[in-house]
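Peer 1:
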Amino acid sequence: MNSDPLETIAQEARAAGMLLAGLSTQIKNRALAGMAKHLIKNQAVILEANAKDIRAAKAKGMKLGLINRLALDEYKISRIADSLVLISKLPDPVGRVISKTTRPNGLQINKIGVPIGVILIIYESRPNVTSDCMALCLKSGNSVILKGGSETLHSNAALFKILQTAAMEQGVPQGAFQLVATPGRGAVRKLLDLSPWIDLVIPRGGEGLIRAVTRVSKIPVIKHAKGICHVFLDASADFEKSMAITLNAKTQNPSVCNAMETLLVHEKVAKRYLPKICLALEDKGVELRGDEAAQKIVPGIKRAAEKDWASEYLDLILSIRVVKDLKEAVQHIQKYGSQHSDAIVTENDKAAGEFTRSVDSACVFVNCSTRFSDGGEFGMGAEMGISTGKLHARGPMGLEELTSYKYVVLGNGQVRK
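Numbering-wise (this note's numbering), the sequence shown opens with residue 143 and increments by one.
The following block contains the structure:
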């Protein structure tokens, strides 16, 4: 018997995954519905655990923005439960026929969706990641190993126990969900070495965490390094749309990866739009940093340094640059962006088309906020994260992105000549 507890966890997840892959859609959906009901029923337990994490975070001097990310309330719990119900109503990606062809010799070539296997999630700050990942992995037939941060230790443990109990009541194997309580980076390094048992790693957190995981892991990693998101106000941009999208992209939730970090403004509208937009941003508490042209239009703002253009603030700070045309805006995004989410505000269809073709990001938006770069907003119920890579998955990762495929070939005695 294996004496290493982390390797045992991975082996149990692998064994359970083989059973989970064969569960019917009906059982999985019943489990998800039961998980949602148990969340609502046990709100008091969850909130009590979350309060412990918040007290500990405040005692450590954690920034308010980070505390807000780990905080739960009844409304947030109800939203999590709603997400579980929505996932239960989405099509099951396991066993779906992706494509089907018949060869001249009569062979039927079927491309069938299958689970990836065992997925390791390493994450920080947000307790809702626990429920999102458990639900998405269950529906997609994957076992999941959860390694949360110490700042959400009590919240994650409470959510995990409640959700695991509810799923097991409907026939989900116990080992399909695994929570790693071992603290410290040593546990993470050990998990990232378990390539025989774990098929995929998805890190969710700050740039430092993601880079560390990518550097050490012997298991394939899907990740985004950081979210340097841009909004470009084109020469034909409508002012009301520009104002609303800018404010939402920066201030609605500045501590998340799809919040705008740099505002690019066409020189033809900069003098008319920037003074009012900057005033509205400052009223929301945003610190503004602009290039020389932006400073001339709005003299009170700070001068942006070179490092600002490549900074993911995750805070109420915004860099502003005035550009001469769409081409210069795209060049700026190509140089400083992170291929996450970028938007254009324009009334010109040609400009919109050029922007969407030229900007090589996972999500490109026309006349809407970068904040929509989210699995829930895309109708996925929830997401495992947002991938800025191009292999296997890109953008918000939902059920389909958590599956691979195999070929099932049907014949009638054919042999190759």
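Virtual Cβ for every residue (Gly too), placed ideally from N, Cα, C. Just so we're clear, the structure is a prediction, and the values are computed from it rather than from any experiment.
Let's see if you can read the secondary structure: which residues bound the alpha helix (DSSP H) around Gln316?
Peer 2: As a position in the sequence shown, residue 316 is number 174, starting the count at 1. Neither: Gln316 is in no alpha helix (DSSP H) and is coded neither H nor E.
Peer 1: Bridge partners for Asp484 per DSSP, in chain order?
Peer 2: Here residue 484 corresponds to residue number 342 of the sequence shown, with the count starting at 1. Partner(s): His372 and Val506.
Peer 1: Which class does Gln250 belong to by DSSP, given the choice of helix, strand or coil?
Peer 2: As a first step, residue 250 is located in the sequence shown; it is residue number 108 there, counting from the start. Reduced to three states, the DSSP call for Gln250 is strand.
Peer 1: Look up Leu262 in the DSSP assignment and say whether it is helix, strand or coil.
Peer 2: To locate residue 262, count along the sequence shown from 1; it is residue 120. Three-state result, Leu262: strand.
Peer 1: Suppose the cutoff is 8 Å on Cβ atoms and the five residues either side in sequence are ignored; what does the same chain contact list for Gly207 look like?
Peer 2: Stepping through the sequence shown from its first residue, residue 207 is reached at position 65. These residues qualify, in order along the chain: Pro396, Ser397, Leu456 and Asp457.
Peer 1: Can you list, in chain order, the residues of its chain with a C-beta nearer than 6 Å to that of Lys444? Leave out the 5 residues immediately preceding and following it.
Peer 2: Taking the sequence shown and counting its residues from 1, one reaches residue 444 at position 302. Cβ within range, chain order: Arg431.
Peer 1: Would you mind working out which of Glu382, Ser166 and Tyr549 sits nearest Pro315, comparing C-alpha positions?
Peer 2: Here the question's residue 315 lines up with position 173 in the sequence shown. If we check each option's Cα against that of Pro315, Ser166 comes out closest.
Peer 1: Is DSSP giving His474 helix, strand or coil here?
Peer 2: By one-based count along the sequence shown, residue 474 stands at place 332. Helix at His474.
Peer 1: Report yes or no: do the segment 149-164 and the segment 250-262 share at least 3 C-beta pairs separated by less than 8 Å?
Peer 2: Result yes; three or more Cβ-Cβ pairs closer than 8 Å.
Peer 1: Within a Cβ cutoff of 6 Å, which residues of the same chain sit near Val550, ignoring the five residues on either side of it in sequence?
Peer 2: Position 408 of the sequence shown, counted from the start, is the residue given in the question as residue 550. Here the set comprises Asn252 and Ile254.
Peer 1: Find the nearest neighbour of Gly237 within the set Asn184, Ala446, Ala213 and Gly164, judged by alpha-carbon distance.
Peer 2: Here residue 237 refers to the residue found at position 95 when the sequence shown is read from its first residue. Nearest C-alpha to Gly237: Gly164.
Peer 1: Let's test the definition: count the other Cβ atoms within 10 Å of the Cβ of Val239 and tell me whether it reaches 16, buried, or not, exposed.
Peer 2: Counting from 1 along the sequence shown, the entry for residue 239 is found at position 97. Exposed, since its Cβ has fewer than 16 Cβ neighbours within 10 Å.
Peer 1: Taking the runs of the alpha helix (DSSP H) that are 4 residues or longer, which of them lie wholly in the segment 263-346?
Peer 2: Those alpha helix (DSSP H) runs which fall completely within the segment 263-346 and span 4+ residues are 270-281, 295-311 and 327-333.
Peer 1: How is the alpha helix (DSSP H) around Arg221 delimited, first residue to last?
Peer 2: Along the sequence shown, read from residue 1 onward, the residue named residue 221 stands at position 79. Its alpha helix (DSSP H) spans residues Glu216 to Lys231.
Peer 1: Per DSSP, what kind of secondary structure is Tyr415 in: helix, strand or coil?
Peer 2: As a first step, residue 415 is located in the sequence shown; it is residue number 273 there, counting from the start. Helix at Tyr415.
Peer 1: I need the straight-line Cα distance from Leu405 to Ile229, nearest angstrom please.
Peer 2: Along the sequence shown, read from residue 1 onward, the residue named residue 405 stands at position 263. Along the sequence shown, read from residue 1 onward, the residue named residue 229 stands at position 87. Those two C-alpha atoms are separated by around 35 Å.
Peer 1: Would Met522 be called buried (16 or more neighbouring beta carbons within 10 Å of its own) or exposed?
Peer 2: Indexing the sequence shown from 1 puts residue 522 at position 380. Buried, by the Cβ-count rule.
Peer 1: Once the 5 residues before and after Gly176 are set aside, which same chain residues still bring their CB inside 8 Å of it?
Peer 2: By one-based count along the sequence shown, residue 176 stands at place 34. So the list reads Ala308, Ala309, Glu311 and Gln312, once near-sequence residues are dropped.
Peer 1: Hey, how far is the Cα of Pro147 from the Cα of Leu321?
Peer 2: Looking up residue 147 in the sequence shown gives position 5. Looking up residue 321 in the sequence shown gives position 179. Those two C-alpha atoms are separated by around 12 Å.
Peer 1: Could you tell me whether the segment 335-353 touches the segment 462-469, using the rule of 3 or more Cβ pairs below 8 Å?
Peer 2: The segment 335-353 vs the segment 462-469: no contact.
Peer 1: Rounded to a whole number of angstroms, what is the C-alpha to C-alpha distance between Gly347 and Leu295?
Peer 2: Counting from 1 along the sequence shown, the entry for residue 347 is found at position 205. Counting from 1 along the sequence shown, the entry for residue 295 is found at position 153. Roughly 15 Å separates the two Cα atoms.
Peer 1: Give a yes or no on whether the C-beta atoms belonging to Leu342 and Ile258 are separated by under 8 Å.
Peer 2: Counting from 1 along the sequence shown, the entry for residue 342 is found at position 200. Counting from 1 along the sequence shown, the entry for residue 258 is found at position 116. A contact, by the Cβ cut-off of 8 Å.
Peer 1: Assign Ser241 to one of three DSSP states: helix, strand, or coil.
Peer 2: The count along the sequence shown starts at 1 and reaches residue 241 at position 99. If DSSP states are grouped into helix, strand and coil, Ser241 belongs with the strands.
Peer 1: According to DSSP, is Glu349 part of a helix, a strand, or is it coil?
Peer 2: Locating residue 349 in the sequence shown gives position 207, counting from the first residue. Helix at Glu349.
Peer 1: Which residue from Tyr547, Ala422, Ser511 and Ala524 puts its Cα closest to that of Asp274?
Peer 2: Looking up residue 274 in the sequence shown gives position 132. Out of Tyr547, Ala422, Ser511 and Ala524, Ala524 has the C-alpha closest to the C-alpha of Asp274.
Peer 1: What does a CB cutoff of less than 8 Å around Ile219 pick up in its chain, not counting 5 residues either side in sequence?
Peer 2: Looking up residue 219 in the sequence shown gives position 77. So the qualifying residues of the chain are Leu181, Ile182, Gln185, Ile188 and Leu189.
Peer 1: Report yes if the C-beta distance between Ser503 and Ala391 is below 8 Å; otherwise report no.
Peer 2: Mapped onto the sequence shown, residue 503 falls at position 361. Mapped onto the sequence shown, residue 391 falls at position 249. Cβ distance not < 8 Å, so Ser503 and Ala391 don't count as in contact.
Peer 1: Bridge partners of Met526, per DSSP?
Peer 2: Along the sequence shown, read from residue 1 onward, the residue named residue 526 stands at position 384. DSSP lists no partner for Met526.
Peer 1: Under the assumption that Leu460 contacts Val428 (Cβ atoms under 8 Å), give the Cβ distance between them as a whole number of angstroms.
Peer 2: Numbered from 1 along the sequence shown, position 318 holds the residue referred to as residue 460. Numbered from 1 along the sequence shown, position 286 holds the residue referred to as residue 428. About 5 Å separates the two Cβ atoms, so the contact holds.
Peer 1: Pull up the distance between the alpha-carbon of Leu280 and that of Ala157, whole angstroms please.
Peer 2: Counting from one through the sequence shown, the residue named residue 280 turns up at place 138. Counting from one through the sequence shown, the residue named residue 157 turns up at place 15. About 14 Å.
Peer 1: What residue range is occupied by the uninterrupted alpha helix (DSSP H) comprising Arg463?
Peer 2: One-based indexing of the sequence shown puts residue 463 at position 321. Looking at the DSSP string, Arg463 is not in any alpha helix (DSSP H); the run it does join, the beta strand (DSSP E), is Ile459 to Val465.
Peer 1: Mapping DSSP to helix, strand and coil, what is Lys205?
Peer 2: Within the sequence shown, numbered from 1, the residue matching residue 205 stands at position 63. Residue state, collapsed to three classes: coil.
Peer 1: So what does Val550 bridge to, in DSSP terms?
Peer 2: As a working note, residue 550 is residue 408 in the sequence shown. The partner list for Val550 (beta bridge, DSSP) reads Asn252.
Peer 1: Which of helix, strand or coil does DSSP assign to Arg431?
Peer 2: For this step, residue 431 is matched to residue 289 along the sequence shown. Reduced to three states, the DSSP call for Arg431 is strand.
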